[in-house]
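With numbering that gives the first Met the number 0, letter number 148 in the sequence shown gets 147, and the count goes up by one each step, no holes.
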Amino acid sequence: MIQGEHSKMSTKNNHNEQQGELKRQLSPMHVWAIAFGCIIGWGSFVNPGKKFLPNSGVAGTAIAMVMGGLVMMIIAMSYAYMVPRYPKAGGEFTFTKACFGKRAAYVCGWFLVAAYLTNVPMNSTAIGLIVDGLDGTADILKFGFHYTVAGFDVYMGEMLFAMAILILFGYLNIIGVEKAGFVQTVLATLLVVSVFTLTIAALVSSKTSFANMAPIWGFNKSAAIEAYKAGTYTSVDAYANQNVMSAILATFAIAPWAYVGFDTIPQAAEEFKFSYKKVSFIMVIAIIFGCFVYTANNTITAAALENWPDLIVESSSTPWLLLAAAERLLGTAGKALVGVAVSCAVLSGIMGFYLASSRLMYSMSRDGYLPEVFGVIDEKHGTPKNAMLFCIAVSLSGPILGREALGWFVDMSAIGASIGFMFTCMSTIVTMKRNHDKSPFLRWMAVLGSTFSLTFIVLQLVPIPGLEGVHFGGESYVLLVVWIVLGIMFYIHQVDEINAA
Numbered sequence: 000m001i002q003g004e005h006s007k008m009s010t011k012n013n014h015n016e017q018q019g020e021l022k023r024q025l026s027p028m029h030v031w032a033i034a035f036g037c038i039i040g041w042g043s044f045v046n047p048g049k050k051f052l053p054n055s056g057v058a059g060t061a062i063a064m065v066m067g068g069l070v071m072m073i074i075a076m077s078y079a080y081m082v083p084r085y086p087k088a089g090g091e092f093t094f095t096k097a098c099f100g101k102r103a104a105y106v107c108g109w110f111l112v113a114a115y116l117t118n119v120p121m122n123s124t125a126i127g128l129i130v131d132g133l134d135g136t137a138d139i140l141k142f143g144f145h146y147t148v149a150g151f152d153v154y155m156g157e158m159l160f161a162m163a164i165l166i167l168f169g170y171l172n173i174i175g176v177e178k179a180g181f182v183q184t185v186l187a188t189l190l191v192v193s194v195f196t197l198t199i200a201a202l203v204s205s206k207t208s209f210a211n212m213a214p215i216w217g218f219n220k221s222a223a224i225e226a227y228k229a230g231t232y233t234s235v236d237a238y239a240n241q242n243v244m245s246a247i248l249a250t251f252a253i254a255p256w257a258y259v260g261f262d263t264i265p266q267a268a269e270e271f272k273f274s275y276k277k278v279s280f281i282m283v284i285a286i287i288f289g290c291f292v293y294t295a296n297n298t299i300t301a302a303a304l305e306n307w308p309d310l311i312v313e314s315s316s317t318p319w320l321l322l323a324a325a326e327r328l329l330g331t332a333g334k335a336l337v338g339v340a341v342s343c344a345v346l347s348g349i350m351g352f353y354l355a356s357s358r359l360m361y362s363m364s365r366d367g368y369l370p371e372v373f374g375v376i377d378e379k380h381g382t383p384k385n386a387m388l389f390c391i392a393v394s395l396s397g398p399i400l401g402r403e404a405l406g407w408f409v410d411m412s413a414i415g416a417s418i419g420f421m422f423t424c425m426s427t428i429v430t431m432k433r434n435h436d437k438s439p440f441l442r443w444m445a446v447l448g449s450t451f452s453l454t455f456i457v458l459q460l461v462p463i464p465g466l467e468g469v470h471f472g473g474e475s476y477v478l479l480v481v482w483i484v485l486g487i488m489f490y491i492h493q494v495d496e497i498n499a500a
């Protein structure tokens with residue numbers, strides 16, 4: 000029955016053949032690099048000081064990341080089951096359409112667009128931070144006119160430089176997926192080597208200490224800052240988190256955002272030049288590497304900086320604590336090492352999410368869910384050129400809005416990824432039933448994956464007493480409503496094409 004559905008899906012729209020086909024040019028290494036590069040972006044290097052250490056501390060973050068990684072591996076089993084049965088660009092969108100129908104597929108696809116596409120401009124805003132942060136106080140890119148968004152100064156120099164990077168990497172995606180895959184592999188490899196080197200340096204250095212990691216469960220950042228402004232702040236100890244569960248869940252709740260990237264693999268399924276049986280292994284390896292980088296960066300930051308809580312409380316803006324930690328450990332070489340790592344993380348994130356976003360839009364267009372123009376394949380390069388151009392255009396908003404405003408999109412990415420995870424696991428349950436597949440282990444993994452995904456959604460959307468800092472902030476709720484309204488408008492515009500598909 001599945002084979003028949005697959006055939007029906009692949010021939011449903013007559014114009015698909017006229018649009019061309021994607022080229023099979025991606026090796027297993029390319030695909031690992033895409034997944035890992037998407038998992039690790041700017042957040043793993045900036046968030047130790049911004050979110051992880053104040054919200055969860057060293058212990059809470061490590062536990063949350065390991066728990067999150069294990070949950071992602073459970074969910075990855077459903078992806079590994081579904082990809083060989085529906086080897087089409089679109090991934091979760093394609094699975095959902097086959098198992099739950101057109102409306103559910105639209106909901107899934109629309110939120111996945113949010114999960115993937117928002118990560119490109121978010122990564123782009125870190126480019127200025129890298130250049131100016133590594134240079135110290137020179138502020139190389141802070142020139143020309145500037146304005147303020149959410150308390151963050153946006154300079155023309157930073158804006159133009161970030162836009163140039165976005166256009167360049169968008170162009171690399173257009174001229175061929177094999178070239179993009181090669182660049183992605185180089186970036187991902189350099190990223191791993193840089194973080195591993197910094198980890199070894201921290202382990203052997205006399206400048207790191209377990210005592211520096213306190214408070215290990217984080218602290219009440221807002222209360223401490225208010226006390227500092229009032230002149231009553233003396234020590235972070237008075238504001239240390241006492242609720243261990245809340246500390247862990249504060250980071251565990253955004254695990255879908257932290258690990259969003261392994262699920263981009265199905266988006267490129269039509270471009271694999273290897274067996275689909277390797278998908279599960281590639282996903283698991285990408286998740287393990289991602290967990291290592293998140294945990295290592297956070298732990299190194301606290302272990303190397305005795306006064307990290309004070310740096311957070313007393314700074315007028317979020318300090319780049321990992322950079323300070325690396326400089327304390329290795330001097331200028333440490334700063335250079337972080338510079339290489341975060342540059343590779345940002346650029347590989349841009350490259351990977353460009354690929355995932357454009358392939359998802361291509362798939363949705365091919366099935367009539369988005370305007371037909373997004374489904375056109377470039378004859379020379381075999382890539383969805385128009386979808387890529389749209390992704391580039393949307394991503395250029397990142398440098399304009401600035402880093403602080405785009406931080407709100409972290410929650411949007413997390414909710415979009417959670418919805419994609421949930422539909423994939425539920426589709427696995429349905430497909431196994433249709434195929435009379437009686438594997439009890441995989442069925443239970445799919446049930447667990449569905450349950451965890453729904454749990455992530457509840458934690459993100461529903462304020463729960465005693466679990467402060469876990470759910471959405473006010474701005475994120477507004478963005479969610481706006482995205483839903485836009486989705487409804489798009490659906491109304493495309494409803495005839497969707498029903499005819």
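Don't be surprised by glycine CBs; every beta carbon is placed ideally from N, CA and C.
Quick caveat, the model's predicted, so the values are computed rather than measured.
Here Asp262 carries a helix assignment [DSSP, helix/strand/coil]. The beta carbon of Pro398 sits closer than 7 Å to the beta carbons of Ser123, Thr124, Glu157, Met158, Ala161, Met162 from its chain, once the five residues preceding and following it are set aside; these are given in chain order. Boundaries for Thr124: no beta strand (DSSP E) harbours it, and the DSSP string shows neither H nor E there.
DSSP, read as helix, strand or coil, puts Phe142 in coil. Close CB contacts of Phe291 within its chain, under the 6 Å cut and outside five residues either way in sequence, are absent.
In the DSSP assignment, Tyr154 falls within the unbroken beta strand (DSSP E) covering 151-154.
Under the three-pair Cβ rule at 8 Å, the stretch 326-338 does not count as touching the stretch 354-364.
At a cut-off of 4 residues, the continuous stretches assigned as alpha helix (DSSP H) that sit fully inside the stretch 312-340 are 320-329. Residue pairing by DSSP places Phe271 opposite Leu25 in a beta bridge. Excluding the 5 residues flanking it on each side, Gly42 has no same chain C-beta neighbour closer than 6 Å. Around the beta carbon of Met488, a 10 Å sphere encloses fewer than 16 other beta carbons of the protein chains shown; the residue is thus reported as exposed.
Judged by DSSP secondary structure, Asn297 falls within the alpha helix (DSSP H) whose first and last residues are 278-303. Under the three-state reduction of DSSP, Val375 is assigned to coil, being neither helix nor strand. In the DSSP assignment, Thr60 falls within the unbroken alpha helix (DSSP H) covering 52-81. Straight through space, the alpha carbons of Val70 and Ile284 are spaced by roughly 14 Å. Beta-bridge annotation (DSSP): Phe218 is paired with Ala239. Around the beta carbon of Asp366, 16 or more other beta carbons sit within 10 angstroms, so the residue counts as buried.
The Cβ atoms of Ser362 and Phe92 sit closer than 9 Å to each other. In the same chain as Tyr115, and ignoring 5 residues on each side of it, the C-beta atoms closer than 6 Å to its own belong to Phe352, Ala355, Ser356, in chain order. Here Phe420 is buried: its Cβ has 16 or more other Cβ atoms, across all protein chains shown, within 10 Å. In the structure shown, the three-state DSSP call for Thr231 is coil. In this structure, the beta-carbon distance from Cys98 to Met444 does not fall below 9 Å. Under DSSP, Val148 takes part in a beta bridge, and its partners are Phe151. In this structure Gln241 is exposed. Its beta-carbon is surrounded by fewer than 16 other beta-carbon atoms within 10 angstroms. Spanning the alpha carbons of Glu225 and Leu202 requires a straight line of approximately 35 Å.
About 48 Å separates the Cβ atoms of Asn219 and Thr382, ruling out a contact at the 8 Å cut-off. The criterion of a C-beta distance shorter than 9 Å is satisfied by Gly169 and Leu388.
Counting only the Cα atoms, Phe51 lies some 12 Å from Ile62. Asn498 carries a helical assignment under DSSP once its states are collapsed to helix, strand and coil. With 16 or more other Cβ atoms inside 10 Å of its own Cβ, Pro120 counts as buried. Using a Cβ-Cβ distance cut-off of 8 Å, the stretch 140-151 and the stretch 425-434 are not in contact, since fewer than three pairs of beta carbons, one from each stretch, lie closer than that value. In the three-state reduction of the DSSP assignment, Glu225 falls in the helix class, which pools H, G and I. In the DSSP assignment, Leu395 falls outside any alpha helix (DSSP H), carrying neither H nor E. Our two residues, Lys432 and Arg84, have alpha carbons roughly 14 Å apart in a direct line.
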